[in-house]
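Here the structure comes first, spelled out in structure tokens, and everything after it is commentary.
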Amino acid sequence: MGHKEVVLLFLLFLKSGQGDSLDGYVSTQGASLFSLTRKQVEAGSIGECTAKCEEETEFVCRSFQYHSKEQQCVIMAENSKASPIIRMRDVILFEKKVYLSECKTGIGKSYRGTMSKTKNGVTCQKWASTSPHVPNYSPRTHPREGLEENYCRNPDSDEQGPWCYTTDPDKRYDYCDIPECEEECMHCSGENYEGKISKTMSGLDCQAWDSQSPHAHGYIPAKFPSKNLKMNYCRNPDGEPRPWCFTTDPNKRWEYCDIPRCTTPPPPPGPTYQCLKGRGENYRGTVAVTVSGKTCQRWSEQTPQKHNRTPENFPCKNLEENYCRNPDGESAPWCYTTDSEVRWEYCDIPSCDSSASLPELSDSSVLPEQTPVVQECYQGNGQSYRGTSSTTITGKKCQSWASMTPHRHQKTPENFPDAGLEMNYCRNPDADKGPWCYTTDPRVRWEYCNLRRCSETGAGPAESPMVPQIPNVQATAEPDCMHRNGKDYRGKIAVTAAGIPCQEWAAQEPHRHSIFTPQTNPRAGLEKNYCRNPDGDVNGPWCYTMNPRKLYDYCDVPLCASAFECGKPQVEPKKCPGRVVGGCVAHRHSWPWQISLRTRLTGQHFCGGTLISPEWVLTAAHCLEKSSRPSFYKVVLGAHEEDIRGSDVQQLQVNKLFLEPKRADIALLKLASPAIITDKVIPACLPSANYVVADRTLCYITGWGETQGTFGAGLLKEAQLPVIENKVCNRYEYLNGRVKPTELCAGNLSGGTDSCQGDSGGPLVCFEKDKYILQGVTSWGLGCARPNKPGVYVRVSRFVNWIEEVMKNN
């Protein structure tokens, strides 16, 4: 029996959460836990609530939730591994990491996971049981050791790690096979490494992920919530062989970090497939030929292609033989080819779900005159909304309703067959105040969607006459509507969305409160009982209610309708996924900032451009090489056909040309007379200065350029393209260091979709929260739509200060 019979006189277990009080917790906004063992305690802050959880002695506190408006703290014995989570407003759930983790640190003294089998597969005996073995360690004798159920534990600090008594009468105890946590070591290629090493292999300090200095980059923590991009710790967000970081040395953009490999086996990878599921990262079939019929090169070989995607660098990716695989997060399985002229290609793997891939419409089947989709809005509380918006009020992407990642839930298409729960579109299956969705951010369970209610008078944007927005100085009453989240709302709505009258902010009946009163918040407009948003709640104005059983609720304050805001087309774009080579014909007037740059005498289109204000157009500098005389050019706005037709078209002369002074491929045109802003001609929005588009953001290019025989010549085409971080784009197999920091890449590495001759100077716009923002000017590329050669665009954000200065002074 050995040392398992020894009763230790002194055991020390460091409580999770000591040090930084929240460092040992995982938080989820908008989530409430259904817990049977719970205690409501008073707490004025999250910090106080944390302390209450740590101090609890009646039960083991594994989680707590904090209700900020009520200033309520609920501490609980369960967490999301044992109890269901429900959707709730204004609540943040905090769960102790130690009880969620299924890995061990060191000898696993603090392991509190749910593994309950030995390394030989024998089921563990319950610690409280006396059969078949009478234990020396039980919940009664060692109450602080987490001896619940039959989970593997290490109550005696055994050097070999967690163990358990077994259900085999002939084997008293055995050890469990618990993988090491990736804190100071890494499994596989360190994709899940969460340690705190923050120096590179050569000793350089790492740049913080949320900093853009000294190196601007697209790995923005808020855009990659699942990549754990904290502080300046080494991470691997992009499928490199091991963790890396941007450095604080201006002359060295990035470098690998020296993270040791863990000594225990990695966690099981989950199910593997012989067919294509998702991106195919778990494909383990034997296809070894590319889409064009080329034979795959063995992963372990370096001829004809030299590479670092080797079995040694990617030990968990099953890079055996020459089978197609996806070791680095590409969009599908691929391989290096045995053709020295073609470095790599995707493979054609059959889908696991034969019904998943419906036949794609060819371009020729989409009629150019198709009825456009009106800018989306919802009626009533949005239960009938069936639009395609999939962005929340703070700009987060929606999780698919059929998916359980990152949030498990019950609002599935099977459970709500009539709620229209398709894809990840915003919906209202449970009669909430408006459409919402679960988000793809693990830290935010759900949010309302970034949609406005349709006009109460009935006419949508397509039915009502649209006129340029001009301030009405003679208006007698301010409209009772709000901008953004309504923090500045000062209207007189005084009833909640559910129809409950609001309690006066100065009153203490029926609800006593002390945080939001006219005295404590004198600038928040807390007059009478009007709906207000004193705490900047993203869900908008709210109030304490006159219902004694309902402390507070949100109000139904409509968004103010603004005609022709920048970046907001009045016709919803088609947003076709990419296949302007490839792509598809755009809905007429769905990209109303697109201009055609032409010679004044012949009227021939030769470049694109973007309207950024009534008098100004942004284009590429190389488009102006034909002549330095403004009178040589004219700008066509509001067109759909390259062969100009219709009364919607405006043709304007150019008055002045401005080339970027440091010879970047970007230029401004001042029009001889302002464009008339209509529902067919609307400017795009400029980005904030030095803004960096996150890697893999889906953006859109438009133009009348060369189509290389694809459908739609002479019609405005669009294509959806992912942005590719410069670090990736500058790899040897792509553009090999040619891309400057003042440029960005976008494209499908498989080829087939790209800007081309005639698209130069045109826009690359990205949708951010509720509008399209001009992030790129089409500049150059190596051919058109070639595999591994994405297009390059001038990064507009780097020139915003110059643009604004020119516009201001001219």
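According to mature numbering (1 follows the signal peptide of the UniProt record, and there is no 0), the stretch in the sequence shown is residues -19 to -1, 1 to 791, in order.
We put the beta carbon where it would ideally sit given N, CA and C, even for glycine.
query: Other residues of its chain near Thr457: CB distance less than 8 angstroms, five sequence neighbours each side excluded; result: Because the pLDDT at Thr457 is just 34, under 50, the model does not fix this residue reliably, and the value given afterwards should be weighed accordingly. Hits under 8 angstroms: none found.
query: Trp761 to Trp523 span [Cα, whole Å]; result: 50 angstroms
query: Three-way DSSP call (helix, strand, coil) for Asp167 in this model; result: Residue identity check: residue 167 is Met in the sequence provided, not Asp. Here Met167 sits in strand by DSSP.
query: Three or more C-beta pairs below 8 angstroms linking the region 270 to 290 and the region 233 to 246; result: no
query: Proximity to Ser577 [Cα-Cα], best of Arg677, Tyr366, Asn520, Val662; result: Val662
query: Buried or exposed by the 16-neighbour rule on C-beta atoms within 10 Å, applied to His177; result: Note that residue 177 corresponds to Lys in the displayed sequence, not to His. It is exposed - the Cβ of Lys177 has fewer than 16 other Cβ atoms within 10 Å.
query: Sheet register partners of Met57 (DSSP bridge); result: Arg19, Ser44
query: Assigned secondary structure, Asn362 (DSSP; H/G/I helix, E/B strand, else coil); result: coil
query: The region 469 to 480 / the region 534 to 551 touching (three or more Cβ pairs under 8 angstroms); result: yes
query: Coarse secondary structure for Thr229, derived from DSSP in three states; result: coil
query: Residue environment, Tyr146, which counts as buried when at least 16 other CB atoms sit within 10 Å; result: buried
query: Identified DSSP bridge partners for residue 797; result: In the structure as shown, the chain starts at -19 and stops at 791, and residue 797 therefore has no counterpart that could be examined.
query: Separation of Gly772 from Phe497, as counted between CA atoms; result: 52 angstroms
query: Buried/exposed call for Ala203, threshold 16 Cβ in 10 Å; result: exposed
query: Own chain residues within Cβ distance below 8 angstroms of Trp315, not counting five before or after; result: Thr271, Cys305, Arg306, Asn307, Trp325, Glu326, Tyr327, Cys328
query: Residue of Ala665, Ala32, Ile56 minimising C-alpha distance to Leu17; result: Ile56
query: Per-residue burial, Asp344 [other beta carbons within 10 Å of its own, 16 or more giving buried]; result: Because Asp344 sits at a pLDDT of 34, beneath the cut-off of 50, its placement in the model cannot be relied upon, and the following sentence gives the value as read from the coordinates. Answer is buried; the Cβ neighbour count reaches 16.
query: Beta-carbon spacing of Cys187, Cys226 below 7 angstroms; result: yes
query: Own chain partners of Thr148 with C-beta closer than 6 angstroms, once the 5 adjacent residues on each side are dropped; result: Thr104, Gln106
query: Which of helix, strand or coil DSSP assigns to Gly559; result: In this predicted model, Gly559 has a pLDDT of only 49, less than 50, meaning its place in the structure is not dependable; the value taken from the coordinates is given anyway. Coil, per DSSP.
query: At least 3 beta-carbon pairs within less than 8 angstroms: the region 155 to 174 vs the region 112 to 119; result: no
query: Residue of Pro573, His603, Trp572, Leu640 minimising C-alpha distance to Phe587; result: His603
query: CA nearest to the CA of Tyr254, picked from Ala601, Trp382, Ile330; result: Ile330
query: Which of helix, strand or coil DSSP assigns to Ile330; result: coil
query: Beta strand (DSSP E) segment containing Thr683, residue limits; result: 679 to 684
query: Buried versus exposed, by CB contacts within 10 Å (16 or more), Phe40; result: exposed
query: Cutoff 8 angstroms; reference Ala567; Cβ partners in own chain excluding five residues on either side; result: Pro554, Lys555, His621, Thr683, Leu696, Leu697, Lys698, Glu699
query: Supposed contact pair Thr678 and Val720 - C-beta distance, whole angstroms, cut 8 angstroms; result: Val720 to Thr678, Cβ: 16 angstroms. No contact.
query: Where Pro655 falls: helix, strand or coil (DSSP); result: coil
query: CB-CB length for Cys84 against Pro248, believed under 8 angstroms; result: 7 angstroms
query: Proximal residues to Ser571 (C-beta, below 6 angstroms), its chain only, five neighbours per side dropped; result: Pro550, Val552, Pro554
query: Classification of Gly5 by the beta-carbon crowding that lies within 10 angstroms, buried from 16 upward; result: buried
query: Helix, strand or coil at Thr31 [DSSP, three-state]; result: helix
query: CA-to-CA distance, Gly742 to residue 796, given in whole angstroms; result: The question about residue 796 has no answer, for the chain in this structure spans -19 to 791.
query: Member of His492, Trp144, Gln632, Gly718 whose CA lies at the smallest distance from the CA of Gln52; result: His492
query: Where Ala337 falls, given that 16 or more other Cβ within 10 Å makes a residue buried; result: For Ala337, the predicted model reports a pLDDT of 41, less than 50, meaning its position is unreliable; a value from the coordinates is still stated below. The residue in question, Ala337, is exposed, as its Cβ has fewer than 16 Cβ neighbours within 10 Å.
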